[in-house]
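Undergrad:
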Amino acid sequence: MIPGKYRSVSGRAPNNVNCGLHLVIQTSPLPEKNKVEFRLNKETASFPGRLLQHDLERNYSSRQGDGRVISPSPRNKSSCVSSTTNMTELCGLDMKTTMSSLSAFGDSSIQIPSKSRIRQGCHSAGPNVSGDHINLVSSSAPFPILQRSSEEKILYSDRLTLERQKLTVCPVIDGEEHLRLLNFQHNFITRIQNISNLRRLIFLDLYDNQIEEISGLSTLRSLRVLLLGKNRIKKISNLENLKSLDVLDLHGNQITKIENVNHLCDLRVLNLARNLLSHVDNLNGLDSLTELNLRHNQITFVRDVDNLPCLQRLFLSFNNISNFESVCCLADSTSLSDITFDGNPIAQESWYKHTVLQNMMQLRQLDMKRVTEEERRMASVVAKKEEEKKRESHKQSLLKVFSPMAACPHSLH
653 MIPGKYRSVS
663 GRAPNNVNCG
673 LHLVIQTSPL
683 PEKNKVEFRL
693 NKETASFPGR
703 LLQHDLERNY
713 SSRQGDGRVI
723 SPSPRNKSSC
733 VSSTTNMTEL
743 CGLDMKTTMS
753 SLSAFGDSSI
763 QIPSKSRIRQ
773 GCHSAGPNVS
783 GDHINLVSSS
793 APFPILQRSS
803 EEKILYSDRL
813 TLERQKLTVC
823 PVIDGEEHLR
833 LLNFQHNFIT
843 RIQNISNLRR
853 LIFLDLYDNQ
863 IEEISGLSTL
873 RSLRVLLLGK
883 NRIKKISNLE
893 NLKSLDVLDL
903 HGNQITKIEN
913 VNHLCDLRVL
923 NLARNLLSHV
933 DNLNGLDSLT
943 ELNLRHNQIT
953 FVRDVDNLPC
963 LQRLFLSFNN
973 ISNFESVCCL
983 ADSTSLSDIT
993 FDGNPIAQES
1003 WYKHTVLQNM
1013 MQLRQLDMKR
1023 VTEEERRMAS
1033 VVAKKEEEKK
1043 RESHKQSLLK
1053 VFSPMAACPH
1063 SLH
């Protein structure tokens, strides 16, 4: 159901995550130009990995407040560790080169480089660019100007990483119109700006900043992956021109309503975990959506999910769902194969599992556990018994109504 692997050209350890997107990077046969061609492959029939697993409790021992999992210490500096860092809430994007296989994100495990990155739970989308190769030149203008060394431009002509640079604004990025991947994660940026000239951008990572409004993206019509997790966004807006989006990550914000996404007909992955949603609706038009993460909100009822023809995975863990009637539309979905309700009041009820399975017989996983044939059989048996009880109850009700009439035949005249 989703793919992944990441290995940088410089030999860094892989960074796994995955969501059914394949970004193929093909190096030009002309070594002096070192050109790179990107191609996003949307033809994959299914997603073989798992993503948006940001709250996966099993398999991992520790996590941070935002749901990121802290990786165990590596045995040596060159080793990789398995971790659901913040990227597990995001998408999967395979980036393959002729020399090695890259992946921006992976399934339920992410392989990340050791050193300080492991402690930070970083989810870098591309090679980490050293500060020795990048200069942010101050000027009389309100924005710093980015300057890269010739070596850096040759090695990473298609991508730019400015993570952990203590930026409060986006710098001016001139002469880099060929960029495909841009990484601003772990800064203090409050507004998206100065990137409107990067019209070939397909991957933009602004995770862990201080952005309050989605803006400054209207010219980025080629954008396929937009990562805005862990910011201060209150409203989904200004995405009208981003009709090519495959992945939209807005986890860890302050969003109260799902809105302004109905035009995203190519969107496959939507992550709204850890927001302030109280209900789920307004999902019409998301005809390609395959995975929807709504963990850790305040949701009490769900609508419109049955109108999503491709939805396979729905994560509703840790909300306020207390009865099956409030999510009854899920029973009409024919595509759902994986759903989670753990952490909701409904999951504490004795009838919970049987009720879910008898209404959603196509499920393969419930609460991250595989549904067995025995569980399906038991749910079917319980359903039959309940149906028999209803029939018997209805029969008894009819007898009570007609018994007095039988005893007093003259009352019919």
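For any residue, its number in my numbering is found by taking its place in the sequence shown, counting from 1, and adding 652.
Each residue gets a CB set at the ideal place from its N, CA and C atoms; glycine is no exception.
#1: Can you list, in chain order, the residues of its chain whose CB lies under 8 Å from that of LEU928, leaving out five sequence neighbours each side?
#2: Using the rule of at least 16 other Cβ atoms within 10 Å of the residue's Cβ for burial, across every protein chain shown, is THR942 buried or exposed?
#3: Distance check for SER1045 and VAL899, CA to CA, integer angstroms please.
#4: Less than 9 Å between the beta carbons of LEU968 and LEU938, yes or no?
#5: Just checking, does the stretch 863-871 make contact with the stretch 882-891 on the three C-beta pairs under 8 Å criterion?
#6: Grouping DSSP H, G and I as helix and E and B as strand, with all else coil, what is HIS1006?
#7: Sort PHE855, HIS830 and ILE991 by Cα distance to GLN964 and report the nearest one.
#8: ILE863 and THR842 look like a contact to me (Cβ under 8 Å); what is the Cβ gap, rounded to whole Å?
#9: Which residues share a DSSP beta bridge with VAL921?
#10: Would you check if the distance between the CB atom of LEU798 and the CB atom of GLU829 is smaller than 9 Å?
#11: Could you spell out where the alpha helix (DSSP H) holding LEU807 opens and where it closes?
#12: Can you tell which of THR986, ASN914, VAL921 and ARG1028 has its C-alpha closest to the C-alpha of LYS1005?
#13: What do you get for ASP901, buried or exposed, if any count of 16 or more other CB atoms within 10 angstroms of its CB means buried?
#14: For the beta strand (DSSP E) holding ILE951, just list the boundary residues, first then last.
#15: What residue range does the beta strand (DSSP E) around PHE840 cover?
#16: Verify whether the separation of the beta carbon atoms of ILE847 and LEU856 is less than 9 Å.
#17: Should GLN678 go down as buried or exposed, given a rule of 16 or more other Cβ atoms within 10 Å for buried?
#18: With a Cβ-Cβ cutoff of 9 Å, do PHE836 and LEU858 count as a contact?
#19: Following the continuous beta strand (DSSP E) through PHE976, name the residue where it begins and the one where it ends.
#20: For SER1049, is the classification buried or exposed, using 16 other Cβ atoms within 10 angstroms of its Cβ as the cut-off for buried?
#21: Nearest-angstrom Cα distance between ASN934 and ARG926?
#22: Taking C-alpha atoms, which residue in ARG816, CYS962 and LEU850 lies nearest to SER809?
#23: What do you get for ARG884, buried or exposed, if any count of 16 or more other CB atoms within 10 angstroms of its CB means buried?
#24: State the beta-bridge partners of ARG811 as determined by DSSP.
#25: Cutting at 8 Å between CB atoms, please list the residues of its own chain near GLU684, excluding the five before and the five after it.
#26: For ARG965, list the residues DSSP reports as bridge partners.
#27: Going by DSSP in three states, VAL877 sits in which element: helix, strand or coil?
#28: With H, G and I counted as helix, E and B as strand and the rest as coil, what does DSSP make of GLN1014?
#29: Quick one: what does DSSP say ARG816 is sitting in, helix, strand or coil?
#30: Going by DSSP, what residue range makes up the beta strand (DSSP E) through LEU856?
#31: Whole-angstrom Cβ separation of ARG816 and LEU831, contact assumed at under 8 Å?
#32: Output needed for LYS818: all residues of its chain with C-beta closer than 8 Å, excluding positions within five of it in sequence on either side, in chain order.
#33: With DSSP collapsed to three states, give me the class of VAL824.
#34: Just to confirm, is the Cβ distance from ASP956 to VAL932 under 9 Å?
#35: Quick check: the Cα distance between SER989 and SER930, rounded to an integer number of angstroms?
TA: According to the structure shown:
#1: GLN906, ILE907, THR908, ASN949 and GLN950
#2: With 16 or more Cβ atoms within 10 Å of its Cβ, THR942 is classed as buried.
#3: 50 Å
#4: no
#5: yes
#6: helix
#7: ILE991
#8: 6 Å
#9: VAL899 and GLU943
#10: no
#11: 802-807
#12: ARG1028
#13: buried
#14: From DSSP, ILE951 is part of no beta strand (DSSP E); its letter is neither H nor E.
#15: It is not in any beta strand (DSSP E) - PHE840 carries neither H nor E in the DSSP assignment.
#16: Contact: yes.
#17: At GLN678 the pLDDT is 43, less than 50, meaning the model places this residue with poor confidence; the figure from the coordinates comes in the next sentence. Exposed, because fewer than 16 other Cβ atoms sit within 10 Å of the Cβ of GLN678.
#18: yes
#19: That residue, PHE976, is in no beta strand (DSSP E); it is neither H nor E in DSSP.
#20: Around the beta carbon of SER1049, a 10 Å sphere encloses fewer than 16 other beta carbons of the protein chains shown; the residue is thus reported as exposed.
#21: 19 Å
#22: Measuring from the Cα of SER809, the nearest candidate turns out to be LEU850.
#23: exposed
#24: LEU833
#25: With a pLDDT of only 43 at GLU684, under the threshold of 50, the placement of this residue in the model should not be trusted, and no figure is reported.
#26: GLU943 and ASP990
#27: strand
#28: coil
#29: coil
#30: 855-857
#31: Taking the Cβ atoms as the reference, ARG816 lies roughly 19 Å from LEU831, outside the contact range of under 8 Å.
#32: Residues ASN839 and PHE840 of the same chain have their beta carbon placed closer than 8 Å to that of LYS818, with the five preceding and five following residues left out of the count.
#33: strand
#34: yes
#35: For the pair SER989 and SER930, the Cα-to-Cα distance works out to about 24 Å.
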